[in-house]
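See structure below.
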Amino acid sequence: MQSLARCKVLQRACVPLAPARAVAPVALNGRPFAAQAETAVVGKVSQVIGAVVDVQFESALPPILNALEVEGFEHRLVLEVAQHLGENMVRTIAMDGTDGLTRGQKVLDTGAPIKVPVGE
383 MQSLARCKVL QRACVPLAPA RAVAPVALNG RPFAAQAETA VVGKVSQVIG AVVDVQFESA
443 LPPILNALEV EGFEHRLVLE VAQHLGENMV RTIAMDGTDG LTRGQKVLDT GAPIKVPVGE
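Reminder that position 80 of the sequence shown reads as 462 in the numbering used here, one-by-one numbering, no gaps.
In structure tokens:
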């Protein structure tokens with residue numbers, strides 16, 4: 383009521399807002415990585431120094447804290463983007479051993495941060 387009186391003083395048209403409607407929560411469906419790979423940003427391993435791996439991309443850089451996955455490695459190797467170095471290169475931290483990782487190996491951006499299941 384007070385807000386409508388205020389509108390008259392300001393000589394502006396006031397329209398009362400409609401009450402907010404409840405929005406149903408959207409279920410987050412876990413999609414397999416292969417389904418995301420079609421639109422994923424692809425890069426190549428540029429340098430390996432222990433657990434630190436530099437990855438070069440042709441196009442846009444993935445955001446910091448995004449998870450990257452190395453293709454064609456002995457086991458699933460996940461990298462977390464820690465820093466943008468410039469020149470289309472990011473510095474990542476490997477979540478497992480990098481023994482056997484070589485320059486030029488293909489790296490895919492998952493488009494999301496690292497996720498860990500919790501609970502039962």
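The C-beta atom is built at its ideal place from N, Cα and C for all residues, glycine as well. As the structure is a prediction and not an experimental result, all values here were calculated from the model.
{"Asked": "Give the single residue among L467, D436, G501 whose Cα lies nearest to the Cα of K488.", "Found": "D436"}
{"Asked": "The beta strand (DSSP E) with G468 in it runs from where to where?", "Found": "459-468"}
{"Asked": "Going by DSSP in three states, F455 sits in which element: helix, strand or coil?", "Found": "coil"}
{"Asked": "Measure how close the beta-carbons of L490 and A476 come, nearest whole angstrom, since I'm counting them as under 8 Å.", "Found": "Rounded, the Cβ-Cβ distance is 15 Å, inconsistent with contact."}
{"Asked": "Under 8 Å between the Cβ atoms of E456 and G482?", "Found": "yes"}
{"Asked": "Looking only at its chain, what residues have a beta carbon closer than 7 Å to the beta carbon of L443, apart from the 5 residues adjacent to it on each side?", "Found": "H466, N470, V472"}
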